[in-house]
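Heads up: the sequence shown begins at 1 in UniProt numbering, then just goes up one per residue.
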Amino acid sequence: MPLVTTVSPSILLPSELERHWQSMRILQGAVDDAANRALTAEHGLSLSEYNALAALHFSDDDGHLRQQILADAIPLNQSSLSRLVGRLEKLGLTERYVCPNDRRGVYTQITEAGRAKVEEARPTYLRVLREHLAEAAGSPEVERPLAKSLEADGKA
């Protein structure tokens with residue numbers, strides 16, 4: 001899928017910075033869509049579910065995170081995260097518990113089944129990333145790093 005620097009044929013963003021940022025957003029959308037399709041088809045997980053499980057699995061706190069930290073890491077708003085974690089709980093991939101030191105805090109813990117699901121799905125996720133980022137690397141819209149756009153367009 002070729003990247004574009006315009007939002008539509010009739011809208012040309014005025015600065016290089018805006019065009020570059022739009023290209024990156026389009027790339028992210030394409031990668032997210034492809035990853036979501038592949039993860040759903042091959043593992044029965046949405047991209048959001050995979051991202052939540054991966055954040056828990058690779059956390060340095062033995063697979064559990066306060067829900068606000070998890071929401072920031074994915075990123076999702078608190079309401080969406082609660083629904084997401086609820087689905088993962090029903091599947092036996094996570095568990096929730098109240099923080100023993102602060103009854104207002106809720107933690108999410110990945111289960112062994114959740115860890116296994118991440119390990120099973122991760123090669124699919126990495127494959128999609130590699131395919132799409134390799135394609136984008138040859139695109140003129142992505143070859144020039146965003147940092148150069150920021151330097152050149154610092155007044156925007």
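Ideal Cβ placement from N, Cα and C applies to all residues, glycine included.
Distance from Ser46 to Leu76 at the Cβ level is roughly 12 angstroms; contact not present, criterion being Cβ atoms closer than 8 angstroms.
Note on geometry: alpha-carbon atoms of Gly105 and Asp60 lie some 19 angstroms from one another.
Shown here for His132: same chain residues with a beta carbon closer than 7 angstroms to its own, the five before and five after excluded, namely Ala30, Val31, Ala34 in chain order.
The stretch 77-94 makes contact with the stretch 114-121, as at least three CB pairs between them are under 8 angstroms. Here Thr40 carries a helix assignment [DSSP, helix/strand/coil]. Thr108 places its beta carbon 8 angstroms or farther from that of Val128. For the stretch 103-127, the full-length beta strand (DSSP E) segments reaching 3 residues or more read 106-110 along the chain. Sequence-distant Cβ neighbours of Asn51 in its own chain, meaning closer than 6 angstroms and more than five residues away, are Ile74. Between the alpha carbons of Glu135 and Leu27 lies a gap of roughly 10 angstroms. In this chain, the beta strand (DSSP E) harbouring Leu65 covers 64-66.
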